[in-house]
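Enquirer:
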Amino acid sequence: MAPYTLPRETFDLLEEALGERGKAEKFARAMESAIDDIREKAKEEILDKKEVVKIEIKEDLKKELVTREIFEERFKYLEDKMEERFKYFDDKMEERFKHSEGIMEQKFKVVDERFKVIDERFKMVDEKFNALNFRLNIFIAIALLALTLANPTFVGLMEKIFKF
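Going by this note's numbering, the first residue of the sequence shown is number 88, and it counts up by one from there.
#1: Please classify LEU101: is it buried, with 16 or more other beta-carbons within 10 angstroms of its beta-carbon, or exposed?
#2: Secondary structure at THR240, three-state DSSP: helix, strand or coil?
#3: Tell me the DSSP secondary structure of THR92 in three-state form.
#4: Can you tell me which of the three DSSP states LEU152 falls into?
#5: Whose C-beta lies closer than 7 Å to the C-beta of PRO90 among residues of the same chain, with five residues either side of it excluded?
#6: Where does GLU107 fall in DSSP's three states?
#7: With DSSP as the reference, label LYS247 as helix, strand or coil.
#8: Between which residues of its own chain and PHE216 is the CB-CB distance below 7 Å, once the five residues before and five after are set aside?
#9: Excluding the 5 residues preceding and the 5 following LYS174 in the sequence, name in chain order all residues of the same chain whose CB lies nearer than 7 Å to its CB.
#10: Quick one: Cα of ARG208 to Cα of GLU192, how far?
Written out as structure tokens, the structure is:
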């Protein structure tokens, strides 16, 4: 940094106040030197204070910032809590599935029993249908035989064959 020099107007005022140019120059150099010394000391104190403040801020931040160990500890705690909640949810869902499965199995048994009853009824209807079909076949056979025997053409044909 360049040394401090008094402005020309200030120097002129000093010369006028002291009455002599030589005295004004000595006084001005003394003031400039004093100002430079003050600036230098202020600069040194600022640098010293800067380091102290920097260290203090660092220490304060360290106190407030989370360390890796604390972060991992808290993260592990959250993981454990989440795992616990998921396990609880899984257990509840498993319990509900088992309950629903039991209800569904009961309903399937009821439906299965109904199907068995319907199947038995179909078997009975099928047996009755078969019996009715057999009777109908016998009836048709008897009706054909009766119609055939009652037919005059057939009777005439039989007489010719057997010559009655």
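Don't be surprised by glycine CBs; every beta carbon is placed ideally from N, CA and C.
Expert: For this structure:
#1: As a first step, residue 101 is located in the sequence shown; it is residue number 14 there, counting from the start. Result: buried.
#2: Within the sequence shown, numbered from 1, the residue matching residue 240 stands at position 153. It is helical.
#3: Taking the sequence shown and counting its residues from 1, the one referred to as residue 92 is at position 5. In this structure, THR92 counts as coil in the three-state DSSP scheme.
#4: Position 65 of the sequence shown holds residue 152. If DSSP states are grouped into helix, strand and coil, LEU152 belongs with coil.
#5: Residue mapping note: residue 90 aligns to position 3 of the sequence shown, counting from 1. Cβ neighbours of PRO90 beyond the five flanking positions: GLU119, ASP123.
#6: Here residue 107 corresponds to residue number 20 of the sequence shown, with the count starting at 1. Note: GLU107 maps to coil in three-state DSSP.
#7: For this step, residue 247 is matched to residue 160 along the sequence shown. Three-state result, LYS247: helix.
#8: Translated into positions along the sequence shown, residue 216 becomes position 129. Nothing meets the Cβ criterion.
#9: Counting from one through the sequence shown, the residue named residue 174 turns up at place 87. Closer than 7 Å at the Cβ level, and outside the excluded window around LYS174, lies no residue.
#10: Against the sequence shown, residue 208 aligns to sequence position 121. Against the sequence shown, residue 192 aligns to sequence position 105. Distance from the CA atom of ARG208 to the CA atom of GLU192, rounded to whole angstroms, is 24 Å.
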